[in-house]
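Residue numbers (this note's numbering): 50 to 163.
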């Protein structure tokens, strides 16, 4: 659960996205594709059995909103296309909405980035 929420932290963090995803400045090695794939790969099993992970109803609802918005974004934006510019993607209003929802998730989990 911790690595999943940490990944949500990356989705919420505009400065991280600009530094790591756009400018490829480390020490992290990450991009928008990996982050979104990890969100679904790690998150789907967690969301299916959220109570087993100690996730309360409010946290679950926020995670499901984020899941829905990310799914809509990936389906409409062609996120995984090599022609897509990460810099342009993260400036889209839809991504800014996703980032704001991710911030609410982080607050709901009282997550502090290491």
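Note that beta-carbon positions come from the ideal geometry of N, C-alpha and C, so glycine has one too. Keep in mind it's a predicted model, so treat the numbers as computed, not measured.
Discussion item. Rounded to the nearest angstrom, what separates residue 160 and residue 65 at their Cα positions?
Written reply: Distance between residue 160 and residue 65, taken at the CA atoms: about 16 Å.
Worksheet item: What are the boundary residues of the alpha helix (DSSP H) that includes residue 144?
Response: Where residue 144 is concerned, the enclosing alpha helix (DSSP H) stretches over 142-157.
Discussion item. According to DSSP, is residue 90 part of a helix, a strand, or is it coil?
Written reply: It is helical.
Worksheet item: Any contact of the region 90-97 with the region 53-63, i.e. 3+ C-beta pairs under 8 Å?
Response: By the criterion of at least three beta-carbon pairs nearer than 8 Å, the region 90-97 is in contact with the region 53-63.
Discussion item. For residue 102, count the other beta carbons within 10 Å of its own beta carbon; 16 or more makes it buried, fewer makes it exposed. Which is it?
Written reply: Per the 10 Å Cβ criterion, exposed.
Item to complete: Could you say if the region 142-158 and the region 109-124 meet the contact criterion of at least three C-beta pairs nearer than 8 Å?
Response: Using a C-beta cut-off of 8 Å, the region 142-158 makes contact with the region 109-124, since at least three inter-stretch Cβ pairs fall below that distance.
Fill in: Under 9 Å between C-beta atoms of residue 141 and residue 81
Result no, Cβ atoms of residue 141 and residue 81 do not sit closer than 9 Å.
Discussion item. So, at 7 Å on beta carbons, what are the nonlocal neighbours of residue 99 in its own chain, with the 5 sequence-adjacent residues on each side left out?
Written reply: Closer than 7 Å at the Cβ level, and outside the excluded window around residue 99, lie 109.
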